[in-house]
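Accompanying notes for the structure given below.
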Amino acid sequence: MVFTARFNDGINRKLCVAPMMDWTDRHCRFFHRLLAPSALLFTEMVTADAICHAENPSRFLSHSEAEHPLVLQVGGSDPKKLFRAIKLANKYGFCEFNLNVGCPSNRVQSGRFGACLMEEPDIVRECLMAMKEATDKPISVKCRIGVDDMDINLGLDKFIQKISSSGISVFYIHARKALLTGLSPKENRNIPPLNYERVHRLALQNPEKVIILNGGLENKDDIISKQHDFHGVMLGRAAYKTPFILSEIHSHLTGEPLLEKHSLAMKMADYADMVIENGGNLHQVTRHMLGLFSGERGAKYWRQQLGELARLQPHNSDLIRKTAKFCCAKTQRKVA
Ligand SMILES: Cc1cc2nc3c(=O)[nH]c(=O)nc-3n(C[C@H](O)[C@H](O)[C@H](O)COP(=O)(O)O)c2cc1C
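My numbering puts the sequence shown at residues 212 to 547.
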């Protein structure tokens, strides 16, 4: 069975890149957009507090149109603040607003949001209703299959049922539990076992909802086969560490040719010129590109040049051009 959503808001969620704090900033998203023109990109999480109390909310919300379609992920548990945050964010061109109900960090828990909200579906429902009230764009949730000793069968069903009564239909599900005490956020992304079957059952039992699978997806063929079981997939670490996988999946989904790494690097060098002209530095851009040649000859050299050397040469975007030429020659790719 190939999933085609009965619910259709015009957003293509076949391939999504997960929100990742400190990683999926605007430079990273520009890079990912070149790799996968059809992908749905997410911002890092921004708290409703940060948006509401900022002297200049643009600091958190502005981005380039080239990144579209782009989802803003927010964190919070106060419906009034979430309403105000979405009202403020509404004019920035995001295509969807997503509530983070999956992050297990202590900082987030002490603010009573993130994954601990899975135990408070009534609050989540109120938050979602407030967010809906503030915009006519779709509202979605990113959550786990459960937290702590919550029952991943009945508990998850009840949670989804309850929060769906707010009128939302789109769910990005990280297919593992979050354990709220004793594990660091990093451990919580690795230790609790993945359970794709549970998410698949949720999708089968709720054909009117859009269910996107997230967690541990890193093998291209596996990801492609998951397109048959879910409305889409969301890649986190694999998209960041092996970014060319985005081009491979985009190419599979659309029939468009694979991107040429050399011309991609030239576009990123031009982008770096613009960032540098505007007061930024080379490493802010190149740090997201370190995995481009992952698994190929020249990968280590690429990482060294764009990692360590880019820090020492903050205004030299030619470093990208020269290193790409060298690495593409090593892997015998066409150099334009
Ligand atoms: C560095 C890092 C930062 C993250 N920040 C967020 C975040 O801001 N919001 C969120 O919902 N999830 C966040 N996550 C979790 C990812 O969105 C994703 O759910 C998780 O990494 C599992 O997917 P993966 O196995 O494909 O990486 C983060 C993950 C990483 C590695």
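All C-beta atoms in this analysis are idealised placements derived from N, C-alpha and C, irrespective of residue type, glycine included.
For ligand 1, is there a heavy atom less than 8 Å away from the beta-carbon of Glu255?
The count along the sequence shown starts at 1 and reaches residue 255 at position 44. Yes, the beta carbon of Glu255 sits closer than 8 Å to at least one heavy atom of ligand 1.
Quick check on Thr258: buried or exposed, where buried means 16 or more other Cβ atoms within 10 Å of its Cβ?
Your numbering for residue 258 matches position 47 in the sequence shown. Thr258 comes out buried.
Which first and last residues belong to the beta strand (DSSP E) in which Ser351 is found?
Residue 351 sits at position 140 when you count from the first residue of the sequence shown. Note, Ser351: beta strand (DSSP E), 350-355.
Start and end of the alpha helix (DSSP H) containing Glu467?
Here residue 467 refers to the residue found at position 256 when the sequence shown is read from its first residue. That residue, Glu467, is in no alpha helix (DSSP H); it is neither H nor E in DSSP.
Please tell me whether, using a cut-off of 8 Å, the distance from the CB of Asp233 to the nearest non-hydrogen atom of ligand 1 is below it.
Position 22 of the sequence shown, counted from the first residue, corresponds to residue 233. Yes; taking the cut-off as 8 Å, the Cβ of Asp233 has a heavy atom of ligand 1 nearer than that.
Excluding sequence positions up to five away, which residues of its chain have a Cβ less than 8 Å from the Cβ of Ala265?
Locating residue 265 in the sequence shown gives position 54, counting from the first residue. Contacts found: Phe271.
For the 8 Å Cβ check, are there 3 or more pairs between the segment 479-487 and the segment 421-441?
Counting Cβ pairs under 8 Å, fewer than three are found: no touch.
Would the segment 282-301 and the segment 359-376 be scored as touching if the rule is three or more Cβ pairs under 8 Å?
No, the segment 282-301 does not touch the segment 359-376.
His279: which of Phe305, Pro468, Ile262 sits nearest, CA to CA?
Working through the sequence shown from its first residue, we reach residue 279 at position 68. Per the Cα distances, Phe305.
Report back the beta-carbon spacing between His385 and Asn425 to the nearest angstrom; my notes put them in contact at under 8 Å.
Position 174 of the sequence shown, counting from 1, holds the residue named residue 385. Position 214 of the sequence shown, counting from 1, holds the residue named residue 425. At roughly 5 Å, the Cβ-Cβ gap stays under 8 Å, so His385 and Asn425 are in contact.
Between the C-alpha atoms of Ile423 and Lys541, what's the straight-line distance to the nearest angstrom?
Within the sequence shown, residue 423 is the residue found at index 212, counting from 1. Within the sequence shown, residue 541 is the residue found at index 330, counting from 1. Cα to Cα, the separation comes out at about 38 Å.
Between which two residues does the alpha helix (DSSP H) containing Ile435 stretch?
Here residue 435 refers to the residue found at position 224 when the sequence shown is read from its first residue. First-last of the alpha helix (DSSP H) with Ile435: 431-437.
With a threshold of 8 Å, are at least 3 pairs of Cβ atoms found where one atom belongs to the segment 522-536 and the other to the segment 484-499?
Cβ pair count under 8 Å is three or more, so yes.
Any heavy atom of ligand 1 within a distance shorter than 8 Å of the CB on Leu428?
Here residue 428 refers to the residue found at position 217 of the sequence shown. Result yes, Cβ under 8 Å from ligand 1.
In chain order, what are the residue ranges of uninterrupted beta strand (DSSP E) at least 3 long that sit wholly in the segment 356-416?
Listed in chain order, they are 381-385.
Would you kindly check if the distance between the Cβ of Ile460 and the Cβ of Leu226 is under 9 Å?
Numbered from its first residue, the sequence shown carries residue 226 at position 15. Numbered from its first residue, the sequence shown carries residue 460 at position 249. A contact, by the Cβ cut-off of 9 Å.
Please confirm whether any heavy atom of ligand 1 lies closer than 8 Å to the CB of His238.
For this step, residue 238 is matched to residue 27 along the sequence shown. No, Cβ of His238 sits at least 8 Å from all heavy atoms of ligand 1.
Can you tell me the Cα-Cα spacing of Glu331 and Cys354, whole angstroms?
Position 120 of the sequence shown, counting from 1, holds the residue named residue 331. Position 143 of the sequence shown, counting from 1, holds the residue named residue 354. Near 12 Å, if we compare the C-alpha coordinates of Cys354 and Glu331.
Can the beta-carbon of Asp359 be found closer than 9 Å to that of Thr392?
Here the question's residue 359 lines up with position 148 in the sequence shown. Here the question's residue 392 lines up with position 181 in the sequence shown. A contact, by the Cβ cut-off of 9 Å.
Please return the same chain residues whose Cβ sits closer than 6 Å to the Cβ of Val444, not counting the five positions on each side in sequence.
On the sequence shown, position 233 is the one that residue 444 refers to. For Val444, where only same-chain residues beyond five positions count, the Cβ hits under 6 Å are Leu424, Leu428, Ile434, Lys437.
What does DSSP give as the partner residue(s) for Glu307 in the beta ladder?
Here residue 307 refers to the residue found at position 96 of the sequence shown. Bridge partners of Glu307: Val282.
Under 9 Å, Cβ to Cβ, is there at least one residue of chain D near Phe455?
The structure shown has no chain D; it contains just one protein chain.
Say whether the segment 401-408 touches the segment 323-342, bearing in mind that this needs 3 or more beta-carbon pairs closer than 8 Å, one atom from each stretch.
The segment 401-408, when compared against the segment 323-342, does not touch it at the 8 Å Cβ threshold.
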